[in-house]
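Positions in the sequence shown are counted from 1; adding 8 to them yields the working numbering.
Each residue gets a CB set at the ideal place from its N, CA and C atoms; glycine is no exception.
Bear in mind the structure is a predicted one, so any value in this text is a computation, not a measurement.
In what follows, a structure is listed as structure tokens, so that the remarks can point back to it.
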Amino acid sequence: MSVTRRDLVAGFFATPALTFLSARHISAQTSAFPLPLTPACGDDHEITPSSTEGPFYKPQSPLRSDLTSELSGGVRLRIGGHVVDRSCRPIPDAVVELWQADGNGQYDNTGKRLRGYQSTDGGGRWSFTTIIPGLYTGRTRHIHFKVQRPGGRVLTTQLFFPGEPGNERDYQFTPQLLLEIEKIASERLGRYDFVIA
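Printed below as a string of structure tokens:
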């Protein structure tokens, strides 16, 4: 039986990146993620820019890819991509951690809502199911990340949403940290490939 590109793309988001950790299996996504499967590396392979951690980071996020189980609303966002090195080689077992505001622009500072981490699979792939964050005073829409290869330095950064009126007013915004966003029915699909040292 031959495997098609469609099978590979469907497998990326139908099977969590951490399925090799069978004791910590994360519930599967049911529909394919239709963005390109291959890393989107440019000619220069520049390291992903870092950005401030901000005041709302908390250590010890839970291991999970679906961050929506504790939410009752919000615009669903599936976000994913690769972690690669400067030569565009995938980095397996890199830790990708995410934290963000809810749809009202509020961070959960007492619990673990909209916080999580996972490790990349053998192809350097990662993905989360979350919601589009709300706005809060002084900031444009963004999601925080920490990314680290095994034994490597931690990249702390933020990803931003294209077309947001607040982007140019936010002193932390940089175009190199823009997500690629596509709208499919009632949800949004976001793509970003982290390049780390």
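Per DSSP, K154 is one residue of the beta strand (DSSP E) stretching across 150-156. From the listed residues V155, D201, T128, the smallest Cα separation to I189 is found for D201.
Per DSSP, reduced to three states, the secondary structure at L185 is helical. In the structure shown, K191 adopts extended strand secondary structure according to DSSP, grouped into three states. Between P141 and A109 the beta-carbon gap is near 4 Å, inside 8 Å, which marks them as a contact. In the DSSP annotation of this structure, the continuous segment of the beta strand (DSSP E) that includes T137 starts and ends at 133-139.
D74 sits in a strand when the DSSP states are folded into three classes.
Around the beta carbon of A102, a 10 Å sphere encloses 16 or more other beta carbons of the protein chains shown; the residue is thus reported as buried. For Y125, the enclosing beta strand (DSSP E) stretches over residues 123-127. The segment 173-181 makes no contact with the segment 155-164, as fewer than three CB pairs between them are under 8 Å. When only Cα atoms are considered, I55 and F64 end up about 24 Å apart. Here F169 carries a coil assignment [DSSP, helix/strand/coil].
Under a 10 Å Cβ-count criterion, H90 is classified as buried, with 16 or more other Cβ atoms of the shown protein chains found around its own Cβ. A contact between stretches requires three or more CB pairs, one per stretch, nearer than 8 Å, and the segment 80-96 fails this requirement with the segment 113-120. Cβ contact annotation for P70 (same chain, cutoff 8 Å, sequence separation greater than five): K120, R123, G124, Y125, in chain order.
D93 has its alpha-carbon roughly 29 Å from the corresponding atom of T148.
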